[in-house]
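**Q**
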Amino acid sequence: MDWQSLDERYIISTYKRLPIAIDKGEGNYLYDTEGKRYLDLFTGLAVNVLGHSHPRIVEALVEQGKKFLHISNVFLNQPAIRLAQRLVENTIPGKVFFSNSGAEATEAAIKLIHKWTKTEAQGREGVVVLRNSFHGRTLGAVRLTRQPGVYQDFPQPAFPVFELEANDADGLREICKQAKPAAVLMEPVLGSGGVIPLSESFLQEVEAICQAEGMLFVIDEIQTGMGRTGKLFAYQHAGVKPDMILFAKGVGGGLPLGGVIAGPKLMNQFKPGDHGTTFAPSPLSAALGNAVLDELLDPTFAAHVNEVIVYLWDGLEQLRQRFPDQLQELRGKGMMVGIPLHISAEEASQLQKNLLAEGILVDVTQKTIVRLLPPLTLTKADADQFLSVFARHVAAFAAKEA
């Protein structure tokens, strides 16, 4: 069957798709309808943190599926209550609001910030965000997403947005001299913006500035959370305590789920009727979320993840030293890797297709940055497979330039 033609005929084209139709996934691999196997270093854009068909996920799927798939937020949802408790106990004191996606988490965060300014911080208004950040595509979220290619020409919410360069604490101090923002919102590692990690010292300075100025310190962990960087959430590397954490992607074990963890300043701002959603939290997604946490919070699994992280980065550093002209730097943290290539956007797109032809799935962001978002179940053998194939293609670019 010609799945690509059917897709083009019946689905609105908002994504440029790769020319493969996926039939199934097992472990760290996907299989297309022709039976070809692909090492998945894409993981549905950081969603499938435990790979595909993980035993814990399948067990939770079957067990909860036999009970019920949906109830309503007017009833007590046991899987969601348990998941919220575990998220709070492993992050900051507070409460959770669940959503269906990362963009919805951003929308909830905007409303919470707005309510807080009206009840606790009158005179403050607006949000400081990082240049090239990405926080979603819905009307409120796109106002905070600072990538020119994502801006739209429809009317947007009118609250002020202040742009700041990554790792520029002095720039934040200057903004605070000129205005009175209500909050600072940032990804600990800019994902779509180029896989740019924020320094631990910068995050610590931002926390101190927020405390001194009376602003909220909000961390977007939608892509960086759920073990992606070697800790449950990336902000934990810096030892800071945000006022609110946004999460999504990996938390639902492959099903839609997101939300915010609201700390003491924000956890009681929403009252019944202030915000809501029909489906979130899905009891099924929440059950899978608990299965994900069962694995991520297991010290043995955490040790495996960090061992493979070191192995993968060591291998990449060896490649960078072999090909210093093509790979001048490596970016990211943990299982979130950006490899800027000194090639054209067309060559980067072709490289992605060439890797695809050899059974390797990678993402390309900012036109020339190969982005790796491996499953946390990645093995050293999987890493070797990627490094070997990738090295051959980088060598080919080096030979062309010689």
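Sequential numbering of the sequence shown, starting at 0, is according to numbering that gives the first Met the number 0.
For each residue, glycine too, the CB sits at the ideal point set by N, CA and C.
(1) Does the stretch 174 to 185 come close enough to the stretch 128 to 139 that 3 or more CB-CB pairs lie under 8 Å?
(2) List the whole-angstrom C-beta distance separating L360 from L111, where the pair is believed to meet the contact cut-off of C-beta under 8 Å.
(3) Report yes or no: do three or more beta-carbon pairs, one from the stretch 71 to 86 and one from the stretch 280 to 287, lie closer than 8 Å?
(4) DSSP three-state label for E164, please.
(5) Looking at the secondary structure, which residues open and close the beta strand (DSSP E) in which T299 lies?
(6) Report the residue ranges of all beta strand (DSSP E) runs contained in full by the stretch 322 to 363; include only those spanning at least 3 residues, in chain order.
(7) Would you list the one or two residues that DSSP bridges to F158?
(8) Let me check understanding here. Comparing Cα to Cα, which of L254, H236, A108 and Q365 lies closest to D273?
(9) Taking 8 Å as the threshold, find out whether the stretch 332 to 343 comes into contact with the stretch 366 to 379 through three or more Cβ pairs.
(10) Along the beta strand (DSSP E) that carries E103, what are the first and last residues, could you check?
(11) Which same chain residues end up closer than 7 Å to P18 when comparing Cβ atoms and leaving out the 5 residues on each side of it in sequence?
(12) Taking its Cβ as the centre, do 16 or more other Cβ atoms sit within 10 Å of M0, making it buried, or is it exposed?
(13) Cutting at 8 Å between CB atoms, please list the residues of its own chain near T276, excluding the five before and the five after it.
(14) Which whole-angstrom value is the C-beta distance of E220 and I244, which I expect to be below 8 Å?
(15) Tell me whether the beta-carbon of R227 lies closer than 8 Å to the beta-carbon of A45.
(16) Out of G190, D297 and F201, point me to the one whose CA is closest to G170's CA.
(17) If we call anything under 8 Å between Cβ atoms a contact, is W115 one with Q268?
(18) Are there three or more Cβ pairs, one per stretch, closer than 8 Å when the stretch 350 to 364 is compared with the stretch 302 to 321?
(19) Pick helix, strand or coil for H51, following the three-state DSSP scheme.
(20) Would you mind sorting E206 into buried or exposed? The rule is 16 or more other CB atoms within 10 Å of its CB.
(21) According to the neighbour-count rule (16 or more other Cβ atoms, all chains shown, within 10 Å of its Cβ), is L68 buried or exposed?
(22) Count the other C-beta atoms from every protein chain shown that fall within 10 angstroms of the C-beta of F389, then say buried if there are 16 or more, exposed otherwise.
(23) Could you check whether N27 and G64 sit closer than 8 Å to each other, using their CB atoms as the reference points?
(24) Can you tell me which of P255, D22, L375 and R391 puts its alpha carbon nearest to the alpha carbon of F41?
(25) Check whether the Cβ atoms of E106 and T137 sit closer than 8 Å, and answer yes or no.
(26) Alpha carbon to alpha carbon, what distance is there between L350 and E316?
(27) Scan the stretch 9 to 60 and note each continuous beta strand (DSSP E) run of 3 residues or more that stays entirely inside, going in chain order.
(28) Got a sec, what are the start and stop residues for the beta strand (DSSP E) L129 sits in?
**A** Taking the geometry as given:
(1) As far as the Cβ criterion goes, the stretch 128 to 139 touches the stretch 174 to 185, which means the pair count is three or higher.
(2) The C-beta separation of L360 from L111 comes to about 36 Å, leaving the pair out of contact by the 8 Å criterion.
(3) Contact between the stretch 71 to 86 and the stretch 280 to 287 is present, because at least three Cβ pairs lie under 8 Å.
(4) Three-state DSSP puts E164 in coil, outside helix and strand.
(5) Under the DSSP assignment, T299 falls outside any beta strand (DSSP E), being part of the alpha helix (DSSP H) whose first and last residues are P298 to R321.
(6) For the stretch 322 to 363, whole beta strand (DSSP E) runs of length 3 or above, ordered along the chain, are 330 to 332 and 335 to 339.
(7) According to DSSP, F158 bridges with nothing at all.
(8) Per the C-alpha coordinates, the member of L254, H236, A108 and Q365 positioned closest to D273 is A108.
(9) Yes, the stretch 332 to 343 touches the stretch 366 to 379.
(10) E103 -> not in any beta strand (DSSP E); alpha helix (DSSP H) instead, spanning G101 to T118.
(11) These residues qualify, in order along the chain: Q3.
(12) By the beta-carbon neighbour count (other beta carbons within 10 angstroms, threshold 16), M0 is exposed.
(13) N72, F97, S98, N99 and E103.
(14) Going by Cβ atoms, the distance from E220 to I244 rounds to 5 Å, so yes, they are a contact pair.
(15) Closer than 8 Å, so yes.
(16) The alpha carbon of G170 has as its nearest neighbour, out of G190, D297 and F201, the alpha carbon of F201.
(17) Yes.
(18) For the pair of segments examined, the stretch 350 to 364 was found not to touch the stretch 302 to 321: the number of CB pairs separated by less than 8 Å stays below three.
(19) H51 falls in the strand class under three-state DSSP.
(20) Result: buried.
(21) Result: exposed.
(22) When all chains shown are included, F389 counts as buried.
(23) Taking the C-beta atoms as reference points, N27 is found no nearer than 8 Å to G64.
(24) Nearest option by C-alpha distance: L375.
(25) Yes; because the gap between Cβ atoms is below 8 Å, this pair is in contact.
(26) Rounded to the nearest angstrom, the two C-alpha atoms are 20 Å apart.
(27) Here the runs fully enclosed are 21 to 25, 28 to 31 and 36 to 39.
(28) For L129, the uninterrupted beta strand (DSSP E) run begins and ends at V126 to L129, by DSSP.
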